[in-house]
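Student: Quick note, in the working numbering, the sequence shown goes up one by one and the last residue is 180. Ideal placement from N, C-alpha and C gives every residue a C-beta, glycine not left out.
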Amino acid sequence: MMTESRRFTVVILGDSWVGKTSLLEQFINKEYNEFQPIIFFNLFETKTIINDDEIDLFLWDTPGLDRFSRAVRSYSKRADGVVLVYDVTRFDTFTELTRRLSHFRAENKTAPAIIDI
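1) Pull up the distance between the alpha-carbon of Glu-159 and that of Gly-77, whole angstroms please.
2) Would you kindly check if the distance between the Cβ of Ile-91 and the Cβ of Thr-72 is under 7 Å?
3) Would you be able to state if there are at least three C-beta pairs under 8 Å between the segment 163-178 and the segment 132-151?
4) Which of the three DSSP states is assigned to Val-135 in this structure?
5) Would you tell me roughly how many angstroms separate the C-alpha atoms of Leu-86 and Asp-115, rounded to the nearest one?
6) Among Arg-153, Phe-103, Thr-156 and Lys-172, which one has its Cα closest to the Cα of Pro-126?
7) In terms of residue numbering, what span does the beta strand (DSSP E) encompassing Thr-111 cover?
8) Report the partner residues of Val-74 according to the DSSP bridge assignment.
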């Protein structure tokens, strides 16, 4: 028997052009589109069942540009988790994750973090 649905909000962070939007499109729509630039923030929503619990998952796709850092901090405060994304062919995008995670932790000390390629 399923219980009441639970809601989780996750922020997706990483440099521009590392594949954040493509990763989300693959996860939500089962489609891969290599080039998915975003202008501001995109919200992806999905439902899933885990251990008979219905989960409402809200995924905030964030732009990788520093000029949006204040808005990203605002979303980070309310997040239940963060996924950090980098491009394996661009080492600088991996080293940048330290700074991005540090900024996230300044706003949200308890949410779990995952690194994805």
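Tutor: From the atom records:
1) Cα to Cα, the separation comes out at about 8 Å.
2) Cβ atoms of Thr-72 and Ile-91: not closer than 7 Å.
3) yes
4) helix
5) 26 Å
6) Phe-103
7) 105-113
8) Trp-123 and Val-145
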